[in-house]
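Inspection log for the structure reproduced underneath, given as structure tokens.
In our numbering, the protein residues as written are 132 to 744.
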């Protein structure tokens with residue numbers, strides 16, 4: 132009787148095991164398998180892959196069905212219906228899938244043997260990965276929030292060899308015929324394909340650090356060599372994969388997180404990013420998962436040049452300029468240390484202009500060589516100090532989204548309570564730690580109000596409110612600009628009335644964005660809505676002064692006046708005084724005194740509490 136029971140138990144167990152081995156339904160929703168297929172839960176279906184190229188999938192329904200894709204993958208990698216040669220090709224096309232499935236359900240599969248993959252790994256010689264963050268570039272819609280890429284650190288790499296390492300970049304592939312407006316629109320709605328690429332790191336440093344003068348932050352990641360290998364095996368699988376590129380969410384930073392989370396089975400870096408993926412927020416996600424080491428700061432070419440110029444007098448800069456033009460240096464009144472400083476400044480300045488302005492190499496190269504020869508005659512170290520590291524790296528700044536609760540008192544209207552939300556990212560009065568001084572990008576900022584009579588209305592909706600206030604100085608002739616578009620309310624005849632508008636300005640800024648700076652812009656505006664009744668053109672000026680009183684306090688006095696064409700009133704204007712007090716990284720108080728004039732004048736005072744997340 133015992134033998135019969137034992138035989139029955141063994142039979143039952145064997146049957147269950149066989150069924151379990153062939154039923155991979157549970158494995159199809161394993162977090163790692165979903166990450167390998169870039170699956171996310173969709174609105175109208177259970178799952179949908181963010182990969183948009185059909186040849187990435189082995190099943191015809193693989194984009195929306197991870198179970199079908201898993202079964203098709205197991206069949207292809209097992210060689211069940213393929214020749215040995217085709218099976219080998221599939222295994223080498225999907226090495227990350229193969230190694231993970233072999234470890235989980237197919238221990239009898241042979242070891243992966245892919246000569247091309249091995250050669251690729253030998254060239255890269257990977258040991259670690261560094262996340263690279265070039266700061267924002269205000270002249271490109273896709274880089275206004277910054278950018279991220281990866282550097283693959285080799286086993287024999289030293290600090291001096293970092294530039295010859297390989298970089299992993301994810302970027303949109305735009306149509307070369309598109310203008311800037313079309314580029315921005317298509318990028319917002321995902322009409323460009325995005326792809327991963329591998330290239331020498333020095334090319335990206337030259338592009339971001341030198342040509343675009345963007346400071347770079349480099350964060351070594353806490354990953355073992357085995358975890359780095361898992362990431363790179365999946366990168367190999369993505370060689371031909373394309374993704375619809377969206378500036379706000381499925382962008383470079385988001386896709387790099389999707390790649391990096393393949394390092395561990397339990398690592399989830401992307402699920403929190405449902406509406407937007409601002410680069411600084413993605414860096415913070417890595418920090419929150421204990422993956423970041425203390426960053427290295429690589430100042431931009433322009434940052435270094437400006438820092439050097441601040442250490443020289445006006446006359447010394449004039450002499451450096453003469454040296455750049457091939458003239459001789461009058462050394463009578465200078466010490467050796469001062470001569471060296473002038474020579475180094477002349478070399479760096481000329482080298483910067485060579486790349487920035489695209490000067491003729493045949494003309495400039497001999498001058499650079501001459502300056503180096505002159506410098507070599509002085510056997511003393513450089514007297515020029517390197518730029519100071521900023522007080523905060525990008526991930527230490529405030530959260531990119533903001534919610535605001537406010538109360539206001541109007542001279543000619545009922546008192547109001549305000550509720551507002553800004554999707555992203557930073558304005559001139561927000562705490563500057565971790566952000567570019569003098570730069571503002573507010574995107575999708577909406578505010579509703581309810582007055583003391585219980586009436587509700589939309590107070591403003593700003594699709595975009597951007598400013599770049601790069602000040603003039605002794606070496607850079609910089610231009611400043613702003614661009615605004617959206618909806619707001621202005622003082623009408625009997626009440627505040629709404630209008631849709633677009634506003635653009637161009638001009639100059641002066642001073643230091645880290646302390647006290649001012650700006651003056653010529654302004655162009657188009658308005659339409661209740662307050663104008665027809666499309667109205669406005670031309671005028673905008674000016675302002677912004678004072679960084681301390682790390683936690685900022686004051687701003689701003690105003691504009693625009694003369695209106697074909698309108699019942701000649702002009703409209705606005706004057707405001709604002710004070711922002713940062714209580715902590717993600718909490719601030721803001722007070723505003725404002726006077727607006729259109730058909731009537733309306734003054735107000737507003738007190739707000741702001742939370743960043």
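The beta-carbon is built from N, C-alpha and C at its ideal position, and this holds for glycine as well.
**OP:** Taking residue 300 and residue 319 to be in contact with their CB atoms under 8 Å, please state how far apart those CB atoms are, rounded to whole angstroms.
**Re:** As a working mapping, residue 300 is identified with position 169 in the chain shown. As a working mapping, residue 319 is identified with position 188 in the chain shown. Going by Cβ atoms, the distance from residue 300 to residue 319 rounds to 21 Å, so no, they are not a contact pair.
Original post:
If we ignore side chains and look at the alpha-carbon of each, how far apart do residue 689 and residue 680 end up?
Top reply: The count along the chain shown starts at 1 and reaches residue 689 at position 558. The count along the chain shown starts at 1 and reaches residue 680 at position 549. Between residue 689 and residue 680, the C-alpha separation is close to 16 Å.
Subject >> Assigned exposure category for residue 596 - 16 Cβ within 10 Å defines buried >> reply: Within the chain shown, residue 596 is the residue found at index 465, counting from 1. Buried.
**OP:** May I ask whether a heavy atom of the ligand MN can be found less than 7 Å away from the beta carbon of residue 387?
**Re:** The model on display carries no ligand, and the ligand MN is accordingly not part of it.
**OP:** Consult DSSP for residue 666 and reduce its assignment to one of helix, strand or coil.
**Re:** Walking along the chain shown from the start, residue 666 turns up at place 535. Note: residue 666 maps to coil in three-state DSSP.
Original post:
By Cβ distance below 7 Å, which residues in the same chain neighbour residue 173 in space, the five residues on each side in sequence not counted?
Top reply: Numbered from its first residue, the chain shown carries residue 173 at position 42. Answer for residue 173: 179, listed in chain order.
**OP:** Would you please state the rounded distance, in angstroms, between the beta carbons of residue 686 and residue 678? I believe it to be under 8 Å.
**Re:** Taking the chain shown and counting its residues from 1, one reaches residue 686 at position 555. Taking the chain shown and counting its residues from 1, one reaches residue 678 at position 547. Yes, they are in contact, since the Cβ atoms of residue 686 and residue 678 sit about 5 Å apart, within 8 Å.
Original post:
Quick one: what's got a C-beta closer than 8 Å to residue 649's C-beta in the same chain, skipping five residues either side?
Top reply: Position 518 of the chain shown holds residue 649. 640, 641, 642, 674, 675, 676 and 677, listed in sequence order.
**OP:** Just list the beta strand (DSSP E) runs in the segment 272 to 341, keeping only unbroken ones of 3 residues or longer that don't cross its boundaries, in chain order.
**Re:** 280 to 285, 297 to 303 and 323 to 331
**OP:** Take the Cβ of residue 197 as the centre, count every other Cβ of all protein chains shown within 10 Å, and call the residue buried at 16 or more, exposed below.
**Re:** Along the chain shown, one-based indexing puts residue 197 at 66. So residue 197 counts as buried.
Original post:
So, using beta-carbon positions, are residue 550 and residue 530 closer together than 8 Å?
Top reply: Reading the chain shown from its first residue, position 419 is the one you call residue 550. Reading the chain shown from its first residue, position 399 is the one you call residue 530. Cβ atoms of residue 550 and residue 530: not closer than 8 Å.
Subject >> Start-end ranges of the alpha helix (DSSP H) lying completely within the segment 429 to 461, minimum 4 residues >> reply: 432 to 440 and 445 to 455
Subject >> CB of residue 480 within 8 Å of CB of residue 436, strictly >> reply: Your numbering for residue 480 matches position 349 in the chain shown. Your numbering for residue 436 matches position 305 in the chain shown. Contact: yes.
**OP:** Give the single residue among 274, 257 and 625 whose Cα lies nearest to the Cα of residue 362.
**Re:** For this step, residue 362 is matched to residue 231 along the chain shown. With distances taken between Cα atoms, residue 362 lies closest to 257.
Subject >> Opening and closing residue of the beta strand (DSSP E) in which residue 736 lies >> reply: Reading the chain shown from its first residue, position 605 is the one you call residue 736. Counting along the chain, the beta strand (DSSP E) containing residue 736 begins and ends at 732 to 743.
Original post:
Taking all protein chains shown into account, do 16 or more other C-beta atoms lie within 10 angstroms of the C-beta of residue 542, making it buried, or fewer, making it exposed?
Top reply: As a position in the chain shown, residue 542 is number 411, starting the count at 1. With fewer than 16 Cβ atoms within 10 Å of its Cβ, residue 542 is classed as exposed.
Original post:
With burial defined as no fewer than 16 other Cβ atoms inside 10 Å of the residue's Cβ, what is the status of residue 186: buried or exposed?
Top reply: For the purposes of this step, residue 186 is taken as the residue at position 55 of the chain shown. The residue is exposed, with fewer than 16 neighbouring Cβ atoms inside 10 Å.
Subject >> Closest Cα partner of residue 304 within the set 287, 338 and 374 >> reply: Walking along the chain shown from the start, residue 304 turns up at place 173. Closest by alpha carbon: 374.
**OP:** Indicate the three-state DSSP secondary structure (helix, strand or coil) for residue 622 in the structure shown.
**Re:** The residue labelled residue 622 in the question sits at position 491 within the chain shown. Three-state result, residue 622: strand.
**OP:** Ignore the nearest five residues each way along the sequence and tell me which others in residue 142's own chain have a CB closer than 6 Å to its CB.
**Re:** Stepping through the chain shown from its first residue, residue 142 is reached at position 11. Unreliable positioning characterises residue 142 in this predicted model, as indicated by a pLDDT of 38, which lies under 50. The coordinate reading is nonetheless provided below. Nothing listed; no residue qualifies.
**OP:** Compare the Cα-Cα distances from residue 683 to each of 716, 234, 298 and 516 and report the closest residue.
**Re:** Reading the chain shown from its first residue, position 552 is the one you call residue 683. Answer by Cα proximity: 716.
Subject >> Whole-angstrom distance between residue 663 and residue 737, CA atom to CA atom >> reply: As a working mapping, residue 737 is identified with position 606 in the chain shown. As a working mapping, residue 663 is identified with position 532 in the chain shown. When rounded, the distance between both Cα atoms is 26 Å.
Original post:
Can you name the start and end residues of the alpha helix (DSSP H) that residue 485 belongs to?
Top reply: As a first step, residue 485 must be located in the chain shown, where it is residue number 354. Per DSSP, residue 485 belongs to the alpha helix (DSSP H) from 467 to 487.
Subject >> Cβ-Cβ distance between residue 592 and residue 618 below 8 Å >> reply: Walking along the chain shown from the start, residue 592 turns up at place 461. Walking along the chain shown from the start, residue 618 turns up at place 487. Closer than 8 Å, so yes.
Original post:
Secondary structure at residue 405, three-state DSSP: helix, strand or coil?
Top reply: Numbered from 1 along the chain shown, position 274 holds the residue referred to as residue 405. Coil, per DSSP.
**OP:** Quick one: grab the DSSP three-state call for residue 365.
**Re:** To locate residue 365, count along the chain shown from 1; it is residue 234. Of the three classes helix, strand and coil, the one that applies to residue 365 here is helix, per DSSP.
Subject >> Inter-residue spacing [alpha-carbon to alpha-carbon] between residue 261 and residue 590 >> reply: What you label residue 261 is simply residue 130 of the chain shown in a count that begins at 1. What you label residue 590 is simply residue 459 of the chain shown in a count that begins at 1. The straight-line gap from Cα to Cα measures roughly 45 Å.
Original post:
Does the Cβ of residue 247 have 16 or more other Cβ atoms within 10 Å, making it buried, or fewer, making it exposed?
Top reply: Reading the chain shown from its first residue, position 116 is the one you call residue 247. Label assigned to residue 247: exposed.
Subject >> C-beta contact flag for residue 773 and residue 400 at 8 Å >> reply: Outside the displayed range of the chain (132 to 744) lies residue 773, so it cannot be described from this structure.
Original post:
If we count the other Cβ atoms within 10 Å of its Cβ and call it buried at 16 or more, is residue 610 buried or exposed?
Top reply: Numbered from its first residue, the chain shown carries residue 610 at position 479. With fewer than 16 Cβ atoms within 10 Å of its Cβ, residue 610 is classed as exposed.
Original post:
For the alpha helix (DSSP H) that residue 591 lies in, which residues bound it at each end?
Top reply: Start at 1 with the first residue of the chain shown, and residue 591 comes out as number 460. No alpha helix (DSSP H) holds residue 591; the beta strand (DSSP E) holding it covers 587 to 599.
**OP:** Might you give, ordered along the chain, the residues of its own chain that have their beta carbon closer than 8 Å to the beta carbon of residue 389, omitting 5 neighbours on each side?
**Re:** As a working mapping, residue 389 is identified with position 258 in the chain shown. Result list for residue 389: 166, 169, 181, 400 and 401, in chain order.
Subject >> Closest Cα partner of residue 584 within the set 265, 546, 465 and 355 >> reply: Along the chain shown, read from residue 1 onward, the residue named residue 584 stands at position 453. Of the listed residues, the one whose Cα sits closest to residue 584 is 546.
**OP:** Say whether chain E places a C-beta atom closer than 8 Å to the C-beta of residue 554.
**Re:** Of the protein chains in this structure there is only one, and it is not chain E.
Original post:
Which residue comes first and which comes last in the beta strand (DSSP E) that contains residue 606?
Top reply: Against the chain shown, residue 606 aligns to sequence position 475. Per DSSP, residue 606 belongs to no beta strand (DSSP E) and is neither H nor E.
Subject >> Among 489, 599, 296 and 660, the one whose alpha carbon lies nearest that of residue 269 >> reply: As a first step, residue 269 is located in the chain shown; it is residue number 138 there, counting from the start. Selected option, being the one with the closest Cα: 599.
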